[in-house]
Amino acid sequence: MSAPDPGRPPPLLSLRGIEKWYGEVHALRGVTLQVARGEVLGLIGDNGAGKSTLIKVVSGVVRRDGGQVLWNGREVALRSVREAQALGIETVHQDRAVVGTLDVARNVFLGREPTRGIGLFRVLDRRRMARDAQALLRDLRLHIPSVHQEARFCSGGEMQGVAIARAMHYQASLVILDEPTTALAVTGVQTVLRFIRRLRQEGIACLFVTHNLHDVHAVADRFVVMARGAVVASLRREEASVDDLVRLQLGSEAAGRGPLPGTA
Amino acid sequence: MDGARTIVERAQLLVVENLIWAILVAVFLAFSIALPHFFTLQNVHFILYVASAIGLLVFAESLVLISGSMDLSIAHVAGLSSMLVGALTIQWIPGMPGWTGIVLIVVVGAMLGSVNGTLIGWLGINPFLATLSTFLMYDWLTFCINRGAISRVSPALTFLGGGRILGVFVAIAVMLAVCALLGFVLTRTRFGGWVKAMGGNPQAAQMLGINLPWMNFWVFTIAGALSGLSGLLFIGYLASIPSTIAGGDDIFLAFAGAIIGGVSLKGGEGSMAGALGGVLLLGVIDTGTAMTLIQPAVRGFLNGLILLAAILVNKYRLELRDRILAAHPGTSGAAV
Numbered sequence: 165m166s167a168p169d170p171g172r173p174p175p176l177l178s179l180r181g182i183e184k185w186y187g188e189v190h191a192l193r194g195v196t197l198q199v200a201r202g203e204v205l206g207l208i209g210d211n212g213a214g215k216s217t218l219i220k221v222v223s224g225v226v227r228r229d230g231g232q233v234l235w236n237g238r239e240v241a242l243r244s245v246r247e248a249q250a251l252g253i254e255t256v257h258q259d260r261a262v263v264g265t266l267d268v269a270r271n272v273f274l275g276r277e278p279t280r281g282i283g284l285f286r287v288l289d290r291r292r293m294a295r296d297a298q299a300l301l302r303d304l305r306l307h308i309p310s311v312h313q314e315a316r317f318c319s320g321g322e323m324q325g326v327a328i329a330r331a332m333h334y335q336a337s338l339v340i341l342d343e344p345t346t347a348l349a350v351t352g353v354q355t356v357l358r359f360i361r362r363l364r365q366e367g368i369a370c371l372f373v374t375h376n377l378h379d380v381h382a383v384a385d386r387f388v389v390m391a392r393g394a395v396v397a398s399l400r401r402e403e404a405s406v407d408d409l410v411r412l413q414l415g416s417e418a419a420g421r422g423p424l425p426g427t428a
Numbered sequence: 002m003d004g005a006r007t008i009v010e011r012a013q014l015l016v017v018e019n020l021i022w023a024i025l026v027a028v029f030l031a032f033s034i035a036l037p038h039f040f041t042l043q044n045v046h047f048i049l050y051v052a053s054a055i056g057l058l059v060f061a062e063s064l065v066l067i068s069g070s071m072d073l074s075i076a077h078v079a080g081l082s083s084m085l086v087g088a089l090t091i092q093w094i095p096g097m098p099g100w101t102g103i104v105l106i107v108v109v110g111a112m113l114g115s116v117n118g119t120l121i122g123w124l125g126i127n128p129f130l131a132t133l134s135t136f137l138m139y140d141w142l143t144f145c146i147n148r149g150a151i152s153r154v155s156p157a158l159t160f161l162g163g164g165r166i167l168g169v170f171v172a173i174a175v176m177l178a179v180c181a182l183l184g185f186v187l188t189r190t191r192f193g194g195w196v197k198a199m200g201g202n203p204q205a206a207q208m209l210g211i212n213l214p215w216m217n218f219w220v221f222t223i224a225g226a227l228s229g230l231s232g233l234l235f236i237g238y239l240a241s242i243p244s245t246i247a248g249g250d251d252i253f254l255a256f257a258g259a260i261i262g263g264v265s266l267k268g269g270e271g272s273m274a275g276a277l278g279g280v281l282l283l284g285v286i287d288t289g290t291a292m293t294l295i296q297p298a299v300r301g302f303l304n305g306l307i308l309l310a311a312i313l314v315n316k317y318r319l320e321l322r323d324r325i326l327a328a329h330p331g332t333s334g335a336a337v
């Protein structure tokens, strides 16, 4: 660990040399990046670049095999989703992590449902879940007919709304959005982008993972380009047009095809 | 709540959601018309009684199915825990007070179930293969302990399964209490919600921080404990502990009752109230055909045929339900 700089507060999240192997596949090769407080960081790269794996590490879904994670300058283990949530990291997963057979309200609170009573007599506070879910969805300007409907009858955009409502409810300091606009209609995309802008206004950092460069260029403060499990470029919004991002993504992929350290 | 849904659709939905009860009443009335002594209070009492031991197996299987797994071993968990505790309290340690057997049988059942839970939750073995192995092991272990039967079972062990209070079989109360308790857990507690979530979408459940290995462990352990309790009811029913105590068709009936009762094989869907309906339908059909002059072999075949019919009806029921809900996805009638 480097000596703390007394003049400047440490970044919210700092990843140093993150490694991840899936069997023989070297999915993350020493990824180093930082997210500042309130910053919207666009993480881009082609399929298989390691974006989703990196997200899973940060959200606690999978454990890293090497490297350090610093949260507000302090090293954290990040061994489980619960630990990430406790730190204030909320994740909107690529497939939205919605259970179709449960109703919308239950989905918003799934895993952390509010309860009443104590000990063995702790029961779900269903009224509160319904009320809060309704308020959250109204706040997101999402018009789901009823929070009691089973989630499998929601459209893709509505399911995304459910996943976002979840992130909104728990007052995170960092919200990770993994491909939130993929497979969404235009209005759904607008809802997501509006949500990201709102996070920034509230000073909440956002890690926005996508391969839709137009979407990310519309909201991100900074871009990090990944290819073949490593960070290949990092640039500020002012430094790059959408076309630059396209070239970077394509170029990095081509460059990535060369021999990389650690490959046979 | 949802104004878009018409009264006709609401009525359809009400029928579709509660179809098992309509079928139950219809089948019951059909037997009542065909058989002179079917429609009596005594017979209803008897139907409930014979349904109780198998009922606990159905509830156990329902819980496992809702969690997105399956358990082929529950009937033999019931058999082995009965035989083991019977041998322990009656033959090996003769001085043991009978009531300790009641507690032991549930504990042993839970332990046998936890073996499944460990194999599936932590070793990641497919539930079908894991429970197929334990099914064989538990079945033959029961024979290893005793090839014949333990008779002279202490009254404490037969009370829950064979005793009566005010003329009513205690076993019926046990079945209804377990059904109510599990229904409560499934609909009103976090654990129950997570069981449904892991069955409906395991990846989502995991990403939201639900610990799937632990959940699997507990689901199979609870199923084991219920199976042990079921074994206790079988002991009271038979007034002895044969090595075949819960074998034969019992495991298939456990699946049948759950599926007839609307529990999905795909996981994530089903209720204990529905499972109870399935149990009672099995009981009505079994008792009804037993009261006819049909030979046992043909009866077994007919039971299978009726089961198939029920499964087909359930399939169309679910399709119809989806159509109604998809047309106007307001509140689902099956909120609980």
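Residue numbers (our numbering), protein chains in the order written: chain A, 165 to 428; chain B, 2 to 337. Using N, Cα and C, we set each Cβ at its ideal position, and we do this for glycine too. Given the structure is predicted, the values throughout are model-derived calculations rather than measurements.
Excluding the 5 residues flanking Thr-196/A on each side, which residues of the same chain have their C-beta closer than 7 Å to its C-beta?
Excluding positions up to five away in sequence, the list reads Leu-179, Arg-180, Gly-181, Val-395.
Measure the alpha-carbon distance for Asn-236/A versus Glu-254/A and round it to whole angstroms.
Each residue's Cα considered, the two are about 16 Å apart.
Decide if Pro-243/B is buried, meaning its Cβ has at least 16 other Cβ atoms within 10 Å, or exposed.
Buried, because 16 or more other Cβ atoms sit within 10 Å of the Cβ of Pro-243/B.
Can you tell me whether Thr-293/B is buried or exposed, with buried defined as 16 or more other CB within 10 angstroms of its CB?
It counts as exposed.
Using three-state DSSP, classify His-38/B as helix, strand or coil.
His-38/B: coil per DSSP, three-state reduction.
Nearer than 8 Å: is that true of the beta carbon of Val-262/A relative to any heavy atom of the ligand PLP?
This structure lacks the ligand PLP, and indeed carries no ligand of any kind.
Val-339/A and Ser-310/A: beta carbons closer than 9 Å?
Not closer than 9 Å, so no.
For the region 73-86 of chain B against the region 299-312 of chain B, do three or more pairs of beta-carbon atoms, one drawn from each stretch, fall closer than 8 Å, so that the two count as touching?
Not touching, per the Cβ criterion.
Once the 5 residues before and after Val-45/B are set aside, which same chain residues still bring their CB inside 8 Å of it?
Closer than 8 Å at the Cβ level, and outside the excluded window around Val-45/B, lies no residue.
Which residue comes first and which comes last in the alpha helix (DSSP H) that contains Ala-157/B?
Residues 156-163.
Using 8 Å as the threshold, is the region 260-267 of chain B in touch with the region 161-169 of chain B, meaning 3 or more CB pairs across them?
The region 260-267 of chain B is not in contact with the region 161-169 of chain B.
Looking only at its own chain, which residues have a Cβ that is under 7 Å from the Cβ of Ser-223/A, when we skip the five neighbours before and after it?
Val-245, Ala-248, Ile-253, Thr-255, Ile-340, listed in sequence order.
With a threshold of 9 Å between beta carbons, is Gln-298/A in contact with chain B?
With 9 Å as the cut-off, Gln-298/A does not count as an interface residue toward chain B.
So the alpha helix (DSSP H) Glu-322/A belongs to, where does it begin and stop?
That run of the alpha helix (DSSP H) goes 320-333.
So, is the C-beta of Met-273/B closer than 9 Å to a C-beta in chain D?
Within the model displayed, chain D is absent; protein chains A and B are what it includes.
Taking Ser-244/B as part of the beta strand (DSSP E), name the residues at either end of that continuous run.
From DSSP, Ser-244/B is part of no beta strand (DSSP E); its letter is neither H nor E.
Would you mind working out which of Leu-326/B, Asp-250/B, Leu-42/B, Arg-191/B sits nearest Ile-282/A, comparing C-alpha positions?
The option with the nearest alpha carbon to Ile-282/A is Arg-191/B.
Would you tell me roughly how many angstroms separate the C-alpha atoms of Leu-274/A and Thr-346/A, rounded to the nearest one?
C-alpha separation (whole angstroms): 23 Å.
I'd like to know if Glu-434/A contacts chain B, where contact means its C-beta is closer than 9 Å to some C-beta of that chain.
Past the edges of chain A, shown from 165 to 428, lies residue 434/A, and the structure says nothing about it.
Taking C-alpha atoms, which residue in Glu-203/A, Thr-217/A, Gln-324/A lies nearest to Gly-446/A?
Nothing in the structure corresponds to residue 446/A, since chain A is present only between 165 and 428.
Evaluate Lys-267/B with the Cβ neighbour count: other Cβ atoms within 10 Å of its Cβ, from every protein chain shown; 16 or more gives buried, anything less gives exposed.
Looking at its Cβ environment, which holds fewer than 16 other Cβ atoms inside 10 Å, Lys-267/B is exposed.
Please check the pair Thr-279/A and Gly-321/A, which I expect to be a contact at CB under 8 Å, by giving their CB distance rounded to whole angstroms.
Not quite, the Cβ-Cβ distance comes to about 30 Å (not below 8 Å), so this is no contact.
Going along chain A, which residues have a C-beta under 7 Å from Ile-325/B?
Per Cβ cutoff of 7 Å: no residues; Ile-325/B is ~11 Å from chain A at best.
Could I get the ranges of all uninterrupted beta strand (DSSP E) runs contained in the region 244-316 of chain A, with 3 residues as the minimum, in chain order?
List check, beta strand (DSSP E) in window: 253-256.
Who are the neighbours of Ser-244/A on chain B, taking C-beta pairs under 9 Å?
The contacting residues are Gly-210, Asn-212.
Report, in whole angstroms, the separation of the C-beta atoms of Trp-123/B and Pro-37/B, which I expect to be a contact under 8 Å.
At roughly 56 Å, the Cβ-Cβ gap does not stay under 8 Å, so Trp-123/B and Pro-37/B are not in contact.
If we count the other Cβ atoms within 10 Å of its Cβ and call it buried at 16 or more, is Cys-145/B buried or exposed?
Label assigned to Cys-145/B: exposed.
Determine the direct distance from the alpha carbon of Ala-257/B to that of Thr-222/B, and round the result to whole angstroms.
Their Cα atoms are separated by approximately 21 Å.
Less than 9 Å between the C-beta atoms of Ala-261/A and Ala-327/A, yes or no?
Yes, the pair counts as a contact, with Cβ atoms nearer than the cut-off.
What residues from chain A crowd round Gln-296/B, counting only those whose CB sits closer than 8 Å?
None at all; the shortest Cβ gap to chain A is about 43 Å.
Thinking Ile-75/B and Ala-61/B are a contact (beta carbons under 8 Å), I'd like their distance in whole angstroms, please.
About 5 Å separates the two Cβ atoms, so the contact holds.
At the 9 Å Cβ level, is Thr-222/B part of the contact set with chain A, yes or no?
So no, Thr-222/B is outside the interface.
Looking only at its own chain, which residues have a Cβ that is under 8 Å from the Cβ of Asp-251/B, when we skip the five neighbours before and after it?
So the qualifying residues of the chain are Ile-55, Leu-58, Ala-76, Ala-79.
Check whether the region 403-413 of chain A touches the region 375-389 of chain A, counting contact only when three or more Cβ pairs, one atom from each stretch, lie closer than 8 Å.
Short answer: they touch.
Can you name the start and end residues of the beta strand (DSSP E) that Ala-174/B belongs to?
Run containing Ala-174/B: none in the beta strand (DSSP E); it sits in the alpha helix (DSSP H), 171-189.
May I ask you to report which of helix, strand or coil DSSP gives Thr-119/B?
Here Thr-119/B sits in helix by DSSP.
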